[in-house]
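Asks:
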Amino acid sequence: MFVSHPEYQSPMPPALDDPGTLHWRMVELSLHAPWFLLSVEFVDPTERDRSITRTLCIARDHDLADVLRPLDPERVKGIVCMMPAWQSPTGQWWSREIREVWILSSHSGQHIVLADNAGQEFDCGLIPEHVGDVEKQLLIRVKPKPAPGDSNRRAGGAASRRTKSS
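If you read the sequence shown in the numbering used here, its first letter stands for residue 505, the second for the next number, and so on.
Listed below in structure tokens is the structure:
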């Protein structure tokens with residue numbers, strides 16, 4: 505799903521490079537299907553009070569579920585589903601911030617259901633025709649986080665609308 509070419513590779517200074525990794529200036533999407541950005545806090549094992557947030561690009565909903573299963577939910581900082589143009593009312597790529605990831609299972613298979621911040625549930629592809637009872641299991645609920653400086657932005661916006669009286 506994500507494709508790159510040698511000319512897109514980006515050189516990194518040795519001090520910033522991790523052995524065995526490659527860095528890319530750009531990648532291409534080979535399939536116009538939903539994909540995900542997953543931001544996860546990684547804690548330094550030698551110094552528990554130090555951490556870094558890394559963001560992963562994940563191609564499919566089942567891959568997202570596989571990555572989420574072993575994670576501590578407190579470490580998940582955010583999930584965004586990038587929706588292709590053909591699923592958009594504007595005809596352009598758009599994003600949906602994900603609040604919950606559910607796994608629905610029956611004898612005929614499993615599929616992933618997502619809930620966005622508005623609570624609207626949706627899925628990203630072909631779902632099995634469930635036969636018999638369907639079990640719905642919550643995989644993760646991302647706690648909403650206030651936007652940094654949210655109250656300052658509102659105050660600044662109000663101040664910028666003030667005018668001098670003559």
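From the three backbone atoms N, C-alpha and C, an ideal C-beta is built for every residue, glycine too.
Quick caveat, the model's predicted, so the values are computed rather than measured.
1) Excluding the 5 residues preceding and the 5 following Ala519 in the sequence, name in chain order all residues of the same chain whose CB lies nearer than 6 Å to its CB.
2) Is it a yes or a no for the segment 557-566 touching the segment 610-630, going by three-plus beta-carbon pairs under 8 Å?
3) With 16 other CB atoms within 10 Å as the buried threshold, where does Leu572 fall?
4) Please name the residue in Trp598, Ser592, Asp627 and Pro593 whose C-alpha comes closest to that of Val608.
5) Determine the direct distance from the alpha carbon of Ala537 to that of Trp680, and round the result to whole angstroms.
6) Give me, in chain order, the residues of the same chain whose beta-carbon lies closer than 7 Å to that of Pro588; leave out the 5 immediate sequence neighbours on both sides.
7) Is Ile556 buried or exposed, if buried means 16 or more other CB atoms sit within 10 Å of its CB?
8) Could you check which residue in Ile644, Gly636, Cys561 and Asp522 has the C-alpha nearest to that of Met586?
9) Looking only at its chain, what residues have a beta carbon closer than 8 Å to the beta carbon of Met505, apart from the 5 residues adjacent to it on each side?
10) Taking the beta strand (DSSP E) that Leu541 falls in, what are its first and last residues?
11) List the endpoints of the continuous alpha helix (DSSP H) containing Asp637.
12) Under 7 Å from any heavy atom of the ligand COA, does the C-beta of Leu542 make it?
13) Please classify Arg603: is it buried, with 16 or more other beta-carbons within 10 angstroms of its beta-carbon, or exposed?
14) Quick check on the DSSP output: the alpha helix (DSSP H) that includes Ala569 runs from which residue to which?
Replies: Taking the coordinates as given:
1) For this step, residue 519 is matched to residue 15 along the sequence shown. Hits under 6 Å: none found.
2) Using a Cβ-Cβ distance cut-off of 8 Å, the segment 557-566 and the segment 610-630 are in contact, since at least three pairs of beta carbons, one from each stretch, lie closer than that value.
3) As a working note, residue 572 is residue 68 in the sequence shown. Taking all protein chains in view, the Cβ of Leu572 is crowded by 16 or more other Cβ atoms within 10 Å, so the residue is classified as buried.
4) Numbered from 1 along the sequence shown, position 104 holds the residue referred to as residue 608. Per the sequence shown, the amino acid found at residue 608 is Leu instead of Val. If you compare the alpha carbons of Trp598, Ser592, Asp627 and Pro593 with that of Leu608, the shortest gap goes to Asp627.
5) The structure shown does not extend to residue 680, since the chain spans only 505 to 670, so no value can be given for it.
6) Along the sequence shown, one-based indexing puts residue 588 at 84. Cβ within range, chain order: His536, Ala537, Pro538 and Trp597.
7) On the sequence shown, position 52 is the one that residue 556 refers to. With fewer than 16 other Cβ atoms within 10 Å, it is exposed.
8) In the sequence shown, counting from the first residue as 1, residue 586 sits at position 82. In this structure, Cys561 is the residue among Ile644, Gly636, Cys561 and Asp522 with its C-alpha nearest to the C-alpha of Met586.
9) One-based indexing of the sequence shown puts residue 505 at position 1. Excluding positions up to five away in sequence, the list reads Leu533, Ser534, Leu535, Ala537, Trp539, Ala563 and Arg564.
10) By one-based count along the sequence shown, residue 541 stands at place 37. First-last of the beta strand (DSSP E) with Leu541: Trp539 to Val547.
11) Mapped onto the sequence shown, residue 637 falls at position 133. From DSSP, Asp637 is part of no alpha helix (DSSP H); its letter is neither H nor E.
12) The ligand COA is not among the ligands present in this structure, which contains no ligands whatsoever.
13) On the sequence shown, residue 603 is found 99 positions in, with the first residue counted as 1. Burial is judged here by how many other beta carbons sit within 10 angstroms of a residue's own beta carbon; Arg603 has at least 16 and is buried.
14) The residue labelled residue 569 in the question sits at position 65 within the sequence shown. It spans Asp565 to Leu572 - the alpha helix (DSSP H) in which Ala569 sits, taken as one unbroken run.
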